[in-house]
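Colleague: In my numbering, each residue's number is its place in the sequence shown (first place is 1) plus 1187.
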Amino acid sequence: MSAQRVVVGVDGSPLSFLALDAAAEEAQLRNADLEVIYCVADLDGAGPVLRAAASRIAEHHPDLAVITTAAVGDPAEVLVGRGHDAALTVVGSRGLGGFLGLMVHSVSHRMAGRTNGPLLVLRGTGPRGSGERHERGRVLLGLDGDDDADAALFAFEEAALRHARLGILHARTYRHAPAEFPDPYPTMPARETIPHHTPATAAPQGEIVGPRRLTHPSREVGPKSVRSTPWRALIAATAEAELVVIAARRRRHPGGFQLSSLTRVLLHQAHCPVVIVPVPVG
1188 MSAQRVVVGV DGSPLSFLAL DAAAEEAQLR NADLEVIYCV ADLDGAGPVL RAAASRIAEH
1248 HPDLAVITTA AVGDPAEVLV GRGHDAALTV VGSRGLGGFL GLMVHSVSHR MAGRTNGPLL
1308 VLRGTGPRGS GERHERGRVL LGLDGDDDAD AALFAFEEAA LRHARLGILH ARTYRHAPAE
1368 FPDPYPTMPA RETIPHHTPA TAAPQGEIVG PRRLTHPSRE VGPKSVRSTP WRALIAATAE
1428 AELVVIAARR RRHPGGFQLS SLTRVLLHQA HCPVVIVPVP VG
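1. Measure how close the beta-carbons of V1308 and S1293 come, nearest whole angstrom, since I'm counting them as under 8 angstroms.
2. If I follow the unbroken alpha helix (DSSP H) through G1260, where does it start and stop?
3. Helix, strand or coil, according to DSSP, for R1352 in the structure here?
4. Could you name each continuous beta strand (DSSP E) segment of 3 residues or more that falls completely within the segment 1210-1250, going from the start of the chain to the end?
5. With 16 as the cutoff for other CB atoms within 10 Å, does A1228 come out buried or exposed?
6. Note the first and the last residue of the continuous beta strand (DSSP E) segment covering V1197.
7. Run the CB neighbour count on A1274, radius 10 Å, all protein chains shown included, and call it buried at 16 or more, exposed below.
8. Measuring straight from C-alpha to C-alpha, what distance separates L1430 and A1299?
9. Quick one: is L1454 buried, meaning 16 or more other Cβ sit within 10 Å of its Cβ, or exposed?
10. If you draw a straight line from the alpha carbon of A1423 to that of V1326, how long is it in whole angstroms?
11. Mind checking which residues open and close the beta strand (DSSP E) that includes R1451?
12. C1226 and A1258 look like a contact to me (Cβ under 8 angstroms); what is the Cβ gap, rounded to whole Å?
13. Is G1434 helix, strand or coil by DSSP?
14. Taking H1271 as the reference, which of A1252, G1324, A1219 and V1193 has the closest Cα?
15. Per DSSP, R1325 forms a beta bridge with which residues?
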């Protein structure tokens, strides 16, 4: 058994098995074990779904070590708990699931607000989003502030792991974002990508990215800074990416933790899987 684990939640639905397939690929890529978790109201009913999941993995990834776990409780809390020391946790984002009647995307959003480790949310209508194998080629890093160091490190390591190019997009955020995301953003019309960094964006990006360039010199890094709304710029870029990595900023809220508007819109609209790397909550 490997010291590393990739964690994934299933519920027996076809959509959850797409997440299972993606998690198996990630575990294989990392030479890690795969832990498959099924949250149920009654543990006696978990057997068929977990056996089906294990059989599916054995058919497509016969050398992959699989751990199956049945649990009673809130699926988001269970997956966050099991994934706190995992290399990666994988969850779907579309459709209805058997997670005690909860929508899969609500589970992924609640996990994004609580996760202590990297969380991959299966997104998009492209190959990976539809469950087909994606042609490896580009990892996208979305920089949004001065505390993106962990996300940058993860993105560089992912690009090296996948033998992929790394693209970097620095999107300027707005202090006050609307609850909905109109197009275009009402207070600043979208403009084309600008070729040179402004002082406000260049220094933080250099401090974050520079040390990673030294440890991963073979990765092609193409930084861009934009004056469009951050979600418009990143969403457009995800159409050509295998994976997008972003830091998840969370604010304490009476109901728990609230995600930044940029993270929320990526989870809703990205064209490729989204990996969120949590920023510690102060």
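For each residue, glycine too, the CB sits at the ideal point set by N, CA and C.
Modeller: Taking the structure as given:
1. The sequence position of residue 1308 within the sequence shown is 121, counting from 1. The sequence position of residue 1293 within the sequence shown is 106, counting from 1. That pair is no contact at about 12 angstroms.
2. For the purposes of this step, residue 1260 is taken as residue 73 along the sequence shown, with counting starting at 1. No alpha helix (DSSP H) contains G1260, which DSSP labels as neither H nor E.
3. Counting from one through the sequence shown, the residue named residue 1352 turns up at place 165. In the structure shown, R1352 sits in a strand (DSSP, three-state: E or B).
4. 1220-1226
5. Position 41 of the sequence shown holds residue 1228. Exposed, because fewer than 16 other Cβ atoms sit within 10 Å of the Cβ of A1228.
6. Walking along the sequence shown from the start, residue 1197 turns up at place 10. Unbroken beta strand (DSSP E) run through V1197: R1192 to V1197.
7. Counting from 1 along the sequence shown, the entry for residue 1274 is found at position 87. By the neighbour-count rule (16 or more Cβ atoms within 10 Å), A1274 is buried.
8. Taking the sequence shown and counting its residues from 1, the one referred to as residue 1430 is at position 243. Taking the sequence shown and counting its residues from 1, the one referred to as residue 1299 is at position 112. Roughly 16 angstroms separates the two Cα atoms.
9. As a first step, residue 1454 is located in the sequence shown; it is residue number 267 there, counting from the start. L1454 is buried by the Cβ-count criterion.
10. As a working mapping, residue 1423 is identified with position 236 in the sequence shown. As a working mapping, residue 1326 is identified with position 139 in the sequence shown. Their backbone Cα atoms lie some 14 angstroms apart in a straight line.
11. Residue 1451 sits at position 264 when you count from the first residue of the sequence shown. Here R1451 belongs to no beta strand (DSSP E); instead the alpha helix (DSSP H) covers S1448 to Q1456.
12. What you label residue 1226 is simply residue 39 of the sequence shown in a count that begins at 1. What you label residue 1258 is simply residue 71 of the sequence shown in a count that begins at 1. Contact holds; Cβ gap of about 5 angstroms.
13. Within the sequence shown, numbered from 1, the residue matching residue 1434 stands at position 247. The sequence as given places Ala at residue 1434; Gly does not occur at that position. The answer is strand: DSSP assigns A1434 an E or B state.
14. As a first step, residue 1271 must be located in the sequence shown, where it is residue number 84. Taking only the C-alpha atoms, the option nearest H1271 is V1193.
15. Position 138 of the sequence shown, counted from the start, is the residue given in the question as residue 1325. R1352.
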